[in-house]
Amino acid sequence: MIFHDILIVGGGLAGLRAAIAAAEKKVDVGIVTKLYPPRSHSGQAQGGINAALANNPKAHDDTPEKHGFDTVKGSDYLADQEAPIFMTQQAPEAIFEIEHWGCPFSRTEEGKIAQRPFGGAGYPRTCYGIDKTGHYILQTLFEQTIKHNIKTYNEWVVIALAKDMDTCCGVIALNMHSGELQAIGANAVIFATGGSGRMYGNSTNALTSTAFGVAIPYWAGVPLKDMEFVQFHPTSLYPSNILMTEGCRGEGGILVNKDGDRFMNKYAPKAMELGPRDIVARGIMTEIIEGRGFEDSYVYLDLRHLGKAKIMERLPGIREITLDFIGLDPIEEPIPIQPGTHYCMGGIDTNIDGASPLKGFYAAGECACVSVHGANRLGGNSLLETVVFGKRAGASAAEYVKDKSKQPKTNALKRALKREEENLSQMLVSNGNENPYTINAELKNLMPLRAGLFRDEKLMSDGLEEIKALKERFRKIRPVASGSSFNFDKIWVLEIKGNLDVAEAVMAGGLARKESRGGHYRRDFDKRDDKNFLKHTLATYTPEGPKLSYSKVQITKYQPVERKY
Amino acid sequence: MTEFRILRYDPDNDKEPHFQIYTFDGPKGMTVLEGLIHIFENIDSTLAFRSMCRAAVCGSCAMHINGLYNLACRTQIDKLGGKVTLRPLAHLPIIKDLVVDLEPFFEQYKKVMPYLIPKEDPPEKEYLQSEKERKKLDPWVDCILCAACYGSCPVEATDPEYLGPAALMKALRFIDDTRDGNAKERLAFVATDFGVFRCHTIFNCQKVCPKTLDPTKAIAKLKMKALFG
Chain A
1 MIFHDILIVG
11 GGLAGLRAAI
21 AAAEKKVDVG
31 IVTKLYPPRS
41 HSGQAQGGIN
51 AALANNPKAH
61 DDTPEKHGFD
71 TVKGSDYLAD
81 QEAPIFMTQQ
91 APEAIFEIEH
101 WGCPFSRTEE
111 GKIAQRPFGG
121 AGYPRTCYGI
131 DKTGHYILQT
141 LFEQTIKHNI
151 KTYNEWVVIA
161 LAKDMDTCCG
171 VIALNMHSGE
181 LQAIGANAVI
191 FATGGSGRMY
201 GNSTNALTST
211 AFGVAIPYWA
221 GVPLKDMEFV
231 QFHPTSLYPS
241 NILMTEGCRG
251 EGGILVNKDG
261 DRFMNKYAPK
271 AMELGPRDIV
281 ARGIMTEIIE
291 GRGFEDSYVY
301 LDLRHLGKAK
311 IMERLPGIRE
321 ITLDFIGLDP
331 IEEPIPIQPG
341 THYCMGGIDT
351 NIDGASPLKG
361 FYAAGECACV
371 SVHGANRLGG
381 NSLLETVVFG
391 KRAGASAAEY
401 VKDKSKQPKT
411 NALKRALKRE
421 EENLSQMLVS
431 NGNENPYTIN
441 AELKNLMPLR
451 AGLFRDEKLM
461 SDGLEEIKAL
471 KERFRKIRPV
481 ASGSSFNFDK
491 IWVLEIKGNL
501 DVAEAVMAGG
511 LARKESRGGH
521 YRRDFDKRDD
531 KNFLKHTLAT
541 YTPEGPKLSY
551 SKVQITKYQP
561 VERKY
Chain B
1001 MTEFRILRYD
1011 PDNDKEPHFQ
1021 IYTFDGPKGM
1031 TVLEGLIHIF
1041 ENIDSTLAFR
1051 SMCRAAVCGS
1061 CAMHINGLYN
1071 LACRTQIDKL
1081 GGKVTLRPLA
1091 HLPIIKDLVV
1101 DLEPFFEQYK
1111 KVMPYLIPKE
1121 DPPEKEYLQS
1131 EKERKKLDPW
1141 VDCILCAACY
1151 GSCPVEATDP
1161 EYLGPAALMK
1171 ALRFIDDTRD
1181 GNAKERLAFV
1191 ATDFGVFRCH
1201 TIFNCQKVCP
1211 KTLDPTKAIA
1221 KLKMKALFG
């Protein structure tokens, strides 16, 4: 039986950084990924990664404290303040580390790491590599895992956790190549499975960024925290929703409606296009809903005034995407954009070490909720979260496994393997006739409408009923395709099951939260309500649906005040 | 009507790969990848192909499309006249349908020490590197390891020992980096019969690279460095 002292699930930035941290502590670590690490969604991050380096002349007096405050304010005070304070203190070291490993950051005139302005930030502190920052960092960390000779199981899909009494003792995973289901033992498991954006149809996320990753621990009894907080990126390309980085606006791009008005002056008169994402996205959507968009679907992101030289130097990747996908050159024409589902602030409930309530089970990156982003994440803070908390989770898990026996819990693992084998074989013999992909498509259509940028009681209670109906239909799906090697149907059916259950937690959490905060905006309760809702939502799985409870928000340094930009 | 002709192979049942034809009504602007997903979700869920970002940055969906290697996600069906013929990447064993075994490709990649070996101990902050020095890396660092170049290279067909365009370009990426201190060893490793001198300058890799990079040029540069310093 395969065994690693620490097993990491996910080969994106958080997973690779955790693996490197564990390997540096001489712990036996393995990575399981359903892709190859360089395919991970982290590589799609464009604009940059935040750290108060004060490299930009306009940021000479920037400090980690100011970065910490901006993050807490951006979170609409829902972040547990110890986490953003730690993250922003660690940020410079975390960036220098990646740079020392060879990450090709763009440079200032003095040869330091270049920084650009991003939304919701008091200073230009977003370190960037042209407009391909995620790609560069992902390649760099992948290179380091090769240097450290870390064992990686490519194209193995984890489908369940294995528990020995009240402790996580490994995972059950499907080897896509052989089609074999196997148990992998571990003293600690770290999930770094990324976001769940593909519960929504209008997502900027990669196709495989479904809720399956957070559903696996959810099914095993680990609570999900603050799932109702979903971020809609203001600028995704119409109609494919491919991301158009915030860097477009950081470099000076503007937003205009059908009447040629630069409408952000109504929504964030001081910060304009560089307000925080929730406010800019709602501004755009309001223009579209009130009839000032094009074809009732999009507004323009105009870069033309930046000129050819600047676009070619700073935003060549954006130009490549618009040319490839809609045949448009942003040097000549404005880009049609609309908000797209982008990021899950919520996720697996963890503390600042990445430890979940389940012993031996950790999470880091977008699938986790520490909570560092609270109700709204600032652009450039997600890449930072992956490297800071990936490292911390890897180091904490290394500490946790130190005195553990280096043997797999064979009996518990075999039991879990048998259980999952039975579940999978049941999927092959169903006598239903529902198409699972139709159900998934319906879910993806309803989520942006019912739990989108604008929410209310009616929308979300309808949404909850609709999800329950879809779950009922899902019980009657047709048999999954047989076939051993690269049976993607088998995996997708599980991914869709995850989507349905986690979407239900998003909807239930949003319905119960009768206030507006960050990414969660309710027309029927349009103010923040600290008296009743300055608290985290915890959703615990039951077969009948999520059971909600609440936990305290840690307020230390900054008392909540109204957010103005 | 859109027609997809796909080379299929099922290791459980087939002795040889064979073509299968699918037809459907696809909307205007549909990409080849979206066509594949349509078939998978509505017509035949046994079809195997890799996909991930659908935005031409992850490198999952490289395949042979109407005679050229490209990413399925950045290829419009309309531009192919509505008739699409798909085969898996060449020179790598087929596992199932359009999914090939990428291990040989990544094994070559790992051989070139694809990580920075610093010249000196790192400073307290970042290494200083001018924008001009950094720009030297631009032509090489956008590689997404999709293996389109590997599939297109006829040398790979006859010599599996050949490191291949992507791995060689990676070696140059570190040789050209002012922070790296291992240029001599790197060059010695690639300036061999299974390295740059195995390249016959056929330009296929340059022609197919979906990121419009130029591995042929990278290899030529390595040859020059090896011969003339």
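Protein chains in written order, with my numbering: chain A, 1 to 565; chain B, 1001 to 1229. Idealized CB from N, CA, C, for every residue including glycine.
Separation of residue 405 of chain A and residue 1158 of chain B (C-alpha to C-alpha, rounded to the nearest whole angstrom) is 49 Å.
Take residue 107 of chain A, set aside five residues on each side of it, and the residues of its chain with a beta-carbon closer than 8 Å to its own are 113 and 114, in chain order. With a cutoff of 8 Å on beta-carbon distance, residue 181 of chain A and residue 424 of chain A are scored as near each other.
Apart from the 5 residues on each side of it in sequence, residue 368 of chain A sits with its Cβ closer than 6 Å to the Cβ of 347, 348 and 350 in its chain, given in chain order. Straight across, the Cα-Cα distance linking residue 558 of chain A with residue 74 of chain A is about 12 Å. Secondary structure of residue 395 of chain A (DSSP, three-state): helix. Assigned with DSSP and collapsed to three states, residue 240 of chain A falls in coil, not helix or strand. Of all residues in the region 1042-1057 of chain B, only 1042, 1044, 1045, 1046, 1047, 1048, 1049, 1050, 1051, 1052, 1053, 1054, 1055, 1056 and 1057 come within less than 9 Å of chain A when Cβ atoms are compared, listed by chain position. Residues 155, 156, 157, 158, 176, 208 and 491 of the same chain have their beta carbon placed closer than 8 Å to that of residue 34 of chain A, with the five preceding and five following residues left out of the count. Ranked by Cα distance from residue 142 of chain A, the options A/274, A/378, A/341 and A/31 are led by A/31. Annotated as proximal: residue 248 of chain A and residue 301 of chain A, with beta-carbon spacing under 8 Å. Cβ-Cβ separation between residue 130 of chain A and residue 316 of chain A: approximately 6 Å, consistent with a contact (criterion under 8 Å). By the 16-neighbour rule on beta-carbons within 10 angstroms, residue 1228 of chain B is exposed.
For residue 440 of chain A, no beta strand (DSSP E) encloses it; the enclosing alpha helix (DSSP H) starts and ends at 436-450.
CA-to-CA, the gap between residue 286 of chain A and residue 517 of chain A works out to about 17 Å. Between residue 121 of chain A and residue 76 of chain A a beta carbon distance of about 15 Å is seen, past the 8 Å cut, so the two are scored as non-contacting.
In this model, residue 391 of chain A and residue 515 of chain A are separated by some 35 Å (Cα to Cα). Counting along the chain, no beta strand (DSSP E) covers residue 1039 of chain B; the unbroken alpha helix (DSSP H) around it starts and ends at 1032-1042. Under the Cβ criterion of 8 Å, residue 1177 of chain B is counted among the residues facing chain A.
Classified as exposed, residue 289 of chain A has fewer than 16 neighbouring CB atoms from the shown chains inside 10 Å of its CB.
Counted as a single uninterrupted DSSP element, the alpha helix (DSSP H) harbouring residue 500 of chain A occupies residues 488-512. Shown here, residue 61 of chain A sits in coil according to DSSP, grouped into three states, outside any helix or strand. When rounded, the separation of the alpha-carbon atoms in residue 1054 of chain B and residue 556 of chain A is 42 Å. Put simply, the CB of residue 1011 of chain B is near chain A, with a gap under 8 Å to one of its CB atoms. If you look at residue 219 of chain A, you'll find it in the alpha helix (DSSP H) that goes 212-219. At a C-beta separation below 7 Å, residue 1163 of chain B has no neighbours in chain A, since its nearest C-beta there lies roughly 15 Å away. Taken through DSSP and simplified to helix, strand or coil, residue 1087 of chain B comes out as strand. Non-local beta-carbon contacts of residue 411 of chain A in its own chain, meaning distances under 7 Å to residues more than five positions away in sequence, are absent. Straight through space, the alpha carbons of residue 224 of chain A and residue 307 of chain A are spaced by roughly 46 Å. For residue 369 of chain A, the pairing in a beta bridge is given by DSSP as A/349.
For residue 1206 of chain B, the secondary structure class from DSSP, reduced to helix, strand or coil, is helix. Between the region 377-387 of chain A and the region 254-267 of chain A there are fewer than three inter-stretch CB-CB distances shorter than 8 Å, so the stretches are not counted as touching.
Each of A/507, A/87, A/441 and A/455 was checked against the Cα of residue 393 of chain A, and the nearest Cα belongs to A/87. Comparing alpha carbon positions, the residue from B/1184, B/1204 and B/1109 closest to residue 1117 of chain B is B/1184. Three or more beta-carbon pairs separated by less than 8 Å are not found between the region 467-482 of chain A and the region 1074-1084 of chain B, which leaves the two stretches without contact. Residue 561 of chain A counts as exposed, since fewer than 16 other C-beta atoms from the protein chains shown sit within 10 angstroms of its C-beta.
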